[in-house]
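**Q** Residue numbers (the working numbering): 1390 to 1617.
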């Protein structure tokens, strides 16, 4: 009889140990939680009519990371410029296919497990020449702004409206051979026609050089901005 009680106690103790071990193991293997997400590439350039593949790279709270193959929701800020196509346009998926529809920029957003990040897609056309107008402008530091039209294919009058490539152009400002951070230029779609707006903030007086470039091309055009 004593042996039977000992056996029951031993079995009960073993069951408790097994239960505790099961709970411990379950707690140890908790699924990691997504903490950050990065879109690759972060600034895709897509020619009109072409497509690009965007991937989302996720990092978990345990430090592990990988490209996500499912569960990512993709969206675009302007489908008339860059459109999400295929399965990812209507449901969560892995990598997204983005098609260039018209010249300009659009913000591509990827979301998974309440974590979100964005990439800026630039859609461009193939150009044979680039120009900037005017080639000289004046501006008072700290007040006002100056507008520059960046155009393609020797068409400053925009006989072909698509030759206005201001939306995708990049304007780099230099002063006396160095970068000029006190003058900034950005695309203004509200201006007619849409152009690049340059603003001087506490800039030194003098002549600044503005260089226009365009994705997919090594061509450049320059203008002078006089600050007084």
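For every residue, glycine included, the Cβ atom is placed at its ideal position computed from N, Cα and C.
1) With a threshold of 16 other CB atoms inside 10 Å of the CB of residue 1493, please say whether the residue is buried or exposed.
2) Rounded to a whole number of angstroms, what is the C-alpha to C-alpha distance between residue 1511 and residue 1468?
3) Could you give the first and the last residue of the continuous beta strand (DSSP E) run that contains residue 1576?
4) Quick one: what's got a C-beta closer than 7 Å to residue 1527's C-beta in the same chain, skipping five residues either side?
5) Please work out which residues of its chain come closer than 6 Å, Cβ to Cβ, to residue 1609, disregarding the five sequence neighbours upstream and downstream, and give them in chain order.
6) Can you give me the Cβ contacts of residue 1575 inside the same chain, cut-off strictly under 8 Å, excluding the 5 residues immediately before and after it?
7) Are the Cβ atoms of residue 1471 and residue 1445 separated by less than 7 Å?
8) Would you grab the beta carbon distance between residue 1572 and residue 1589 for me? Rounded to a whole angstrom, and I think it's under 8 Å.
9) Distance, Cα to Cα, residue 1595 vs residue 1564?
10) Looking only at its chain, what residues have a beta carbon closer than 6 Å to the beta carbon of residue 1476, apart from the 5 residues adjacent to it on each side?
11) Where does residue 1563 sit, in a helix, a strand or coil, going by DSSP?
**A** According to the data block:
1) For the purposes of this step, residue 1493 is identified with residue 104 of the chain shown, where counting begins at 1. By the neighbour-count criterion, in which 16 or more other beta carbons inside 10 Å mark a residue as buried, residue 1493 falls on the buried side.
2) Translated into the one-based positions of the chain shown, residue 1511 becomes position 122. Translated into the one-based positions of the chain shown, residue 1468 becomes position 79. Roughly 12 Å separates the two Cα atoms.
3) For the purposes of this step, residue 1576 is taken as the residue at position 187 of the chain shown. Unbroken beta strand (DSSP E) run through residue 1576: 1572-1577.
4) One-based indexing of the chain shown puts residue 1527 at position 138. Taken in chain order, the residues that qualify are 1615 and 1617.
5) By 1-based counting over the chain shown, the position of residue 1609 is 220. Non-local beta-carbon contacts of residue 1609 in its own chain, meaning distances under 6 Å to residues more than five positions away in sequence, involve 1600 and 1602 in chain order.
6) Start at 1 with the first residue of the chain shown, and residue 1575 comes out as number 186. The beta carbon of residue 1575 is closer than 8 Å to those of 1585 and 1586 in its chain, skipping five residues each way along the sequence.
7) Here residue 1471 corresponds to residue number 82 of the chain shown, with the count starting at 1. Here residue 1445 corresponds to residue number 56 of the chain shown, with the count starting at 1. No, these two residues do not count as a Cβ contact at 7 Å.
8) On the chain shown, position 183 is the one that residue 1572 refers to. On the chain shown, position 200 is the one that residue 1589 refers to. Sure, about 5 Å apart at Cβ, within 8 Å.
9) As a first step, residue 1595 is located in the chain shown; it is residue number 206 there, counting from the start. As a first step, residue 1564 is located in the chain shown; it is residue number 175 there, counting from the start. A straight line joining the alpha-carbon of residue 1595 with that of residue 1564 spans about 8 Å.
10) In the chain shown, counting from the first residue as 1, residue 1476 sits at position 87. Non-local C-beta neighbours of residue 1476 in its own chain, meaning closer than 6 Å and more than five positions away in sequence, comprise 1482, ordered along the chain.
11) Reading the chain shown from its first residue, position 174 is the one you call residue 1563. Strand, per DSSP.
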